[in-house]
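Here is the structure we will look at, set down as structure tokens.
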Amino acid sequence: MKQKYSLLLLSFSLVSGIYAQKKPLDHSVYDNWKSISRAEISKSGNIIHYTISPQEGDNLTEVKNSRNQLLLSIPRGTDVRLTEDEQFLISTVKPFFKETREARIKKKKADDMPKDTLLVYNLSKNSASRYPNFKSYHLPRKGSKYIAIASETIIPSKKVEKDSTANKTSNAKKEKPTPVVHLLHLQSGDTTNFIKAENFQISNDEQYFIFTKKGADKDSLNEAGLYLYEIASKKLKKISNGKGTYKQFTFDDAGKQFTFLADKSPEKALLKDFKLYYYTANQDTASILADQRSAGVPDKWYISGDASLNFSKSGNRLFFGLAPVPRVKDTTLVDFENAKVDIWHWQDDYLQPTQLLNSRRDQMRSFTAMILPKKGGKVTPISDDTYNRISFTDDADNEWALASSDLGYRISSQWDGETRSDVYVISLINGKNKLVAKNLSGSAHLAPKGDYVVYFNKENANWYSFHIESETVKQLNEGISVSFVDEENDVPALPGAYGIVGWSNDAKNVFINDRYDVWKFSLDGKVKREFTHGKGREQKITYRIQRLTAIEDPRIRTSYIDESQPIYLSGFNTKNKYAGLYQLGKKNIEQLWTGPYTYKMIAADQKINNIIYTKEDTKASPDVYVLTAFKQEQRLTDINPQQAGYNWMTAEIVSWTTPNGHQAEGILYKPEDFDPNKKYPIIAYFYEKLTDGLYTYQAPAPTPSRLNIPYFVSNGYLVFTPDIRYETGYPGRSAEEYINSGMHYLARNNSWVDSTKMGIQGQSWGGYQVAHLITRTDMYAAAWSGAPVVNMTSAYGGIRWGTGISRQFQYENTQSRIGKPLWEARDLYIENSPLFFMDRVNTPVAIMHNDNDGAVPWYQGIEFFTALRRLNKPVWLLNYNGDGHNLMQRQNRKDIQIREAQFFDHFLKGAPAANWIKKGVKATEKGIDWGLEVD
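Numbering follows our numbering, with no gaps: position 709 of the sequence shown is 774.
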């Protein structure tokens, strides 16, 4: 017995020793912690490439085969593309991070900054060509033969007489680089150079190379224009002459028709006059297909230079944009003699801040028109400013287009949070329209053949089909008791749908999700079937159709469900949080894999023999794996081996019952070296619901303002993330119900939780809840509140400056969950505004609120701070100058991690206070002393 006891002690000592050797994370680890930024597999499955990115530093792209053999390593490689035949790999190679950093420190101009290099790698010959200082390149979508690479070169000026001053360069002007495009034949390496070529494109069939030349200022050589180079015959033809702007180079699917936009008005003209040009091989030059004077163009409208050009699949239709001719500013007006004023009008569709932010977009707005290019003639306007959205079938050869109009509903979006629409179909033959649905809150979709519209109505939570020819409506889910809207919705707004998955190959059926399963409905309303056999609801697994191969044709936006082929499903178990991949059977669902992991970037080769994905959990970084024949899994990467040397964390679900009898759950993170005989400080971090992320990896990183969970857990904290379910009108009480009760549950039932050292941290909506909680309880020894609302009465009428929209919708319909306007629920707005209860606060609180916050007015943070300062309560306010609602600048993210750790270490661990906590930092010492030291 003594021997067994001794062995047990020895074993425990060895385990403890292993943990003791692991150091806690510190703030120096962030930059080198890596992630997978992109992972792809070729159609054949023979080539896999992925990019490993540190948080700060140089990328590494690796190319492997499916047997995990390294074919190529590309330091600093990014944006990898393969040619269609998989013989060549194209990659941008970025400059060294340190070189770019040094250039920024020296404040070099853009032209003098380190430049990218283009790598062209022959995979069959293992040979590489590099093109330094390239500007851009074009590889056709299915290209295998040619690539066009743009760069610049110095062309020496005319010879000058040599004299004794030839070597004196002090007064010499720097030669201006000349643009050049290299058309490279990939197999032979032969290059054709086009001097002064600028905008360029290779046709998808690789028959033509299109480019522009700007020409000299006086252009005595008449070089300016658009050129077409026939690659096989090496014939160069100028198809449009003159200086101007040439854009939107577009071939039809067959490569037989070519169209573009060009404006040849004087360079300084305030009004650009674009024309639509058209070219085929039997023409000498491109002809004008449509301009401002063409038949069918409305009076005082013109061809938009900002719209895209698109042929229908047959090439019989060409779609472009029209727009009203804009008013031009009077340049004779003296700027300082005229007022600068914004006029807010109560009947404007949109508030002035929204209009100002969107003014450039609105100036570029265009309206769809159509012309028959093979026949020419009349322009047919399809839409005007009545419609805010228009869509076509994929081939755009059908009669009907789908259009929606939010005219008359825009003002109410200020408080509704969404814009209702009238939905129409418009005939592309005669321009007539048919009303599909009036005042629709929901969504509408045009069927692939353009014969039906399928739409969802939020108000009654039903799906409908509208047969265009007969104008008959069928309720697709009639007689089905299952809900097709968000069953967990806890905001005042009507719940949204789970969405359309796709369409059958014959376009006669639509597939629609409920919470757990996929349903199949015939568009005529006669057939309705649980496509996933109801297994999702039965097993509490959310099944979703998973496409494993890419859609190659960019014309195809529709997702087709081919029932003649295997149907794959992703599955997420809402109970144990496992994720997996499944295959749909005739009566059952076959599990291919599942487990306590999160899978991302799932993709397969064309035969679905090799599947790649990233796999992660709480302890394992999201590394790349390849699975062959659904049996043999190989790990291709090990991106963060350094993690093994650090004290990491574990995660587990905690369940409890709230004071009002609600079943609740949250995630508890513990240190890897957790000792149940010790007492630990604990921090609660919260934002809506987080438990579905139980098996999601969290890298130690300077966060935008969230709690850096791995850092705190590694440094001896427990972190708890409770889910919160809200009651309309009482978001503050709901936070109390779940957060406080969860923390009480942990403290009462676990001796290792130190109930005297409990903290809370939240950002944005979580920051609001932090502010509310410390007005209702003294159970927390420290609190950190990021970008909070503390006064719902003032925030209700505020502006989200990032979008220019009013904040009213948040309180009446969405996250803030009051459910009524201010004057109908004054008491609720006050009850849920922590500002009115600041006299109750006894918890030290740090606030982060930045002066460029585009979501929550930063005056909310100021109201918070000044109230507590007035009450002589311990409070700190951090304003990261020029940063937003969530910190975007990395140096600020790094700074806040240090301060947050110092703050909680002081109040929850008794560490000495940093100077910024103890005495602040005076404005006169800003940029000299950051207050991070401890005196």
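The beta carbon of each residue, even a glycine, is placed where N, CA and C say it ideally should be.
Could you give the C-beta distance for residue i and residue j, rounded to a whole number, given that I count them as a contact under 8 angstroms?
i           : j           : result
residue 585 : residue 594 : 5 angstroms
residue 906 : residue 850 : Residue 906 to residue 850, Cβ: 11 angstroms. No contact.
residue 126 : residue 139 : 4 angstroms
residue 760 : residue 670 : With 8 angstroms as the limit, residue 760 and residue 670 do not qualify as a contact, their Cβ atoms being about 27 angstroms apart.
residue 137 : residue 130 : With 8 angstroms as the limit, residue 137 and residue 130 do not qualify as a contact, their Cβ atoms being about 11 angstroms apart.
residue 787 : residue 847 : Not really, about 18 angstroms apart at Cβ, beyond 8 angstroms.
residue 269 : residue 205 : 5 angstroms
residue 756 : residue 731 : 6 angstroms
residue 90  : residue 128 : Actually they are not in contact, since the Cβ atoms of residue 90 and residue 128 sit about 32 angstroms apart, beyond 8 angstroms.
Are the C-beta atoms of residue i and some chain C residue less than 8 angstroms apart?
i           : result
residue 124 : In the structure shown, chain C does not exist; there is a single protein chain.
Shortest alpha-carbon distance to residue i belongs to which of the options?
i           : options               : result
residue 115 : 634, 146 and 894      : 146
residue 541 : 559, 518, 551 and 558 : 518
residue 582 : 118, 571, 555 and 611 : 611
residue 102 : 702, 959, 978 and 936 : 702
residue 931 : 812, 957, 903 and 342 : 903
residue 456 : 263, 509 and 134      : 509
residue 134 : 690, 831 and 803      : 690
residue 971 : 983, 338 and 961      : 983
residue 514 : 694, 574 and 615      : 574
residue 363 : 580, 432, 400 and 393 : 432
residue 507 : 491, 500, 492 and 486 : 486
residue 550 : 672, 561, 705 and 614 : 561
residue 778 : 498, 672, 740 and 769 : 740
residue 668 : 107, 765, 99 and 370  : 107
residue 198 : 828, 698, 705 and 158 : 158
residue 413 : 839, 477, 96 and 394  : 477
Applying the 10 Å Cβ sphere with the 16-neighbour rule, what's the burial state of residue i?
i            : result
residue 429  : exposed
residue 636  : buried
residue 220  : exposed
residue 1001 : Lying outside 66 to 1000, the shown extent of the chain, residue 1001 is not represented and no answer is given.
residue 823  : buried
residue 993  : exposed
residue 178  : exposed
residue 981  : buried
residue 990  : exposed
residue 355  : buried
residue 227  : For residue 227, the predicted structure reports a pLDDT of 49, less than 50, and the residue's modelled location is therefore unreliable. The matter cannot be settled from this model.
residue 243  : exposed
residue 161  : exposed
residue 835  : buried
residue 987  : exposed
residue 807  : buried
residue 524  : exposed
residue 309  : buried
residue 999  : exposed
Is there at least one non-hydrogen atom of the ligand MG closer than 7 angstroms to the beta-carbon of residue i?
i           : result
residue 142 : This structure lacks the ligand MG; in fact it carries no ligand of any kind.
In terms of DSSP beta bridges, what is residue i paired with?
i           : result
residue 328 : 310 and 339
residue 585 : 576 and 594
residue 865 : 870
residue 94  : DSSP lists no partner for residue 94.
residue 818 : 745
residue 467 : 456 and 490
residue 676 : 669 and 692
residue 499 : 490
residue 848 : 825 and 910
residue 999 : In the DSSP output, where bridge partners are listed per residue, residue 999 has none listed.
residue 366 : 389
Could you tell me whether the segment 186-198 touches the segment 168-176, using the rule of 3 or more Cβ pairs below 8 angstroms? no
With three or more beta-carbon pairs closer than 8 angstroms as the criterion, would you say the segment 784-803 touches the segment 858-878? no
Quick one: any contact between the segment 619-626 and the segment 636-648, if contact means 3 or more CB pairs under 8 angstroms? no
Report yes or no: do the segment 738-753 and the segment 809-824 share at least 3 C-beta pairs separated by less than 8 angstroms? yes
Specify whether the segment 345-365 and the segment 295-309 touch according to this definition: at least 3 beta carbon pairs, one from each stretch, less than 8 angstroms apart. yes
Under 8 angstroms: do the segment 381-391 and the segment 428-443 share three or more Cβ pairs, one atom per stretch? Contact annotation: the segment 381-391 touches the segment 428-443, with at least three C-beta pairs closer than 8 angstroms.
Examine the Cβ distances between the segment 839-857 and the segment 396-406 and report whether three or more of them are shorter than 8 angstroms. no
Check whether the segment 878-887 touches the segment 933-950, counting contact only when three or more Cβ pairs, one atom from each stretch, lie closer than 8 angstroms. No: fewer than three Cβ pairs fall under 8 angstroms.
Could you tell me whether the segment 326-346 touches the segment 357-374, using the rule of 3 or more Cβ pairs below 8 angstroms? yes
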